[in-house]
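Engineer:
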Amino acid sequence: MGNNLPIRKLLKTTQRDDIQRRIGTTIAIIVADLGLKTIPDQLAQKRMIHYLLNYYQDLSFEEIIKAFELALVGKFAVNIEHYDSFDIKYLTKILNAYREYKKLNTPKLPTARNEAPKPPTEAEKRQIRISFFQNLEKSYKTFVKTGKLDIIIHWLVYNKLLENNIIHVSENEWSVLMDKATKLHKLRLNSPKTASQKTEFTTILQNFEKLKFKYPFELSRIQNIAKEIAVVEFFQELKRNNSNFHSIVVKSGVYE
């Protein structure tokens, strides 16, 4: 299995020892095709394995065997005489010739580089919107049962609720949310963290710092926490009043 996959991909999913064994088998097949009576010694095989793993990862085992088959039937403009010796020089000569052959004989796929992506149709937009709120309804039901918010991208949920007039937040209410978020942000920063949480948090910070934001990073985090609080408070109010989330969404016209 996997003989048609490039070595590069196999290295991600297969033990290196197994790949080396496969290379050994491939070399044995090639030696048989060439009519050699002995396979290269252990040191020579190790060097071949080194070259294949480091310089020919784009090829699969099937392609390596095919390269020698094509060479033997005269598809390459190279001298295929091996002088009863199979070494790195001969191996790389045939594989380099195969790469050139492959480049010239592989049909190029049409590219859509110059084509602008098609905007979604109104029907597609509607389906995306419906799917989003159907998933949000499930999150609300989970919140009612567990009291926990299973939403990760809080700011997106907040924005969608706002856009569809399901929630309304005045300037004063936003100011209160930001005050709450600032306190919660400090609390979370000072709370004890496991080693993995610290590593994850540091990585997130480093990744965001590489990006160019129009506003300070700390402020963006607090704004997102404010939106998280707004969603939680909205769900809490619905639960407290025993409101039907589905009816509220339908009333907003989201499903029309």
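Following the working numbering, the numbering of the sequence shown begins with 11 at its first residue and continues without gaps.
Beta carbons are placed, not taken as given, at the ideal position from N, Cα and C, and that holds for glycine.
The model shown is predicted, which means the values in this text are computed figures rather than measured ones.
(1) Assuming Lys170 and Phe153 are in contact, meaning their beta carbons sit under 8 Å apart, how far apart are those beta carbons, in whole angstroms?
(2) So, do the stretch 175-185 and the stretch 145-161 have three or more beta carbon pairs nearer to each other than 8 Å?
(3) If you pair each beta-carbon of the stretch 66-84 with each one of the stretch 13-24, do three or more pairs fall below 8 Å?
(4) Buried or exposed for Ile138, going by 16 or more other Cβ atoms inside 10 Å?
(5) Can you tell me which of the three DSSP states Ser201 falls into?
(6) Classify Ala77 as buried or exposed, calling it buried when 16 or more other Cβ atoms lie within 10 Å of its own Cβ.
(7) In terms of DSSP beta bridges, what is Ser70 paired with?
(8) If contacts are defined as beta-carbon pairs under 8 Å, then His195 and Ile232 qualify, I think. What distance do you get, rounded to the angstrom?
(9) Answer with buried or exposed for Tyr265, where buried requires no fewer than 16 other C-beta atoms within 10 angstroms of its C-beta.
(10) Could you tell me whether the Cβ atoms of Thr48 and Phe71 are closer together than 8 Å?
(11) Measure the C-alpha to C-alpha separation of Leu62 and Thr102 and round it to an integer number of angstroms.
(12) Between Glu73, Ile33 and Ile40, which has its C-alpha nearest Pro57's C-alpha?
(13) Pick helix, strand or coil for Tyr61, following the three-state DSSP scheme.
(14) Alpha carbon to alpha carbon, how far is Ala191 from Asn182?
(15) If distances are taken between C-alpha atoms only, which option among Ile90, Lys22 and Gln52 comes closest to Asp43?
(16) Would Ala191 count as contacting chain D if we go by Cβ distances under 8 Å?
(17) For a minimum of 4 consecutive residues, which ranges assigned as the alpha helix (DSSP H) are wholly contained in the stretch 164-200?
(18) In or out: Ile73 buried (at least 16 other Cβ within 10 Å) or exposed?
(19) For Trp184 and Pro130, what's the separation of their Cα atoms in angstroms?
Structural biologist: According to the structure shown:
(1) Lys170 to Phe153, Cβ: 16 Å. No contact.
(2) no
(3) yes
(4) exposed
(5) coil
(6) buried
(7) Pro16
(8) 5 Å
(9) exposed
(10) no
(11) 9 Å
(12) The residue asked about is misnamed: residue 57 is Arg in this sequence, not Pro. Out of Glu73, Ile33 and Ile40, Ile33 has the C-alpha closest to the C-alpha of Arg57.
(13) helix
(14) 14 Å
(15) Ile90
(16) Any reference to chain D falls outside this structure, which holds one protein chain only.
(17) 164-173 and 181-200
(18) It is worth fixing the name first, because residue 73 is Glu in this sequence and not Ile. By the neighbour-count rule (16 or more Cβ atoms within 10 Å), Glu73 is buried.
(19) 33 Å
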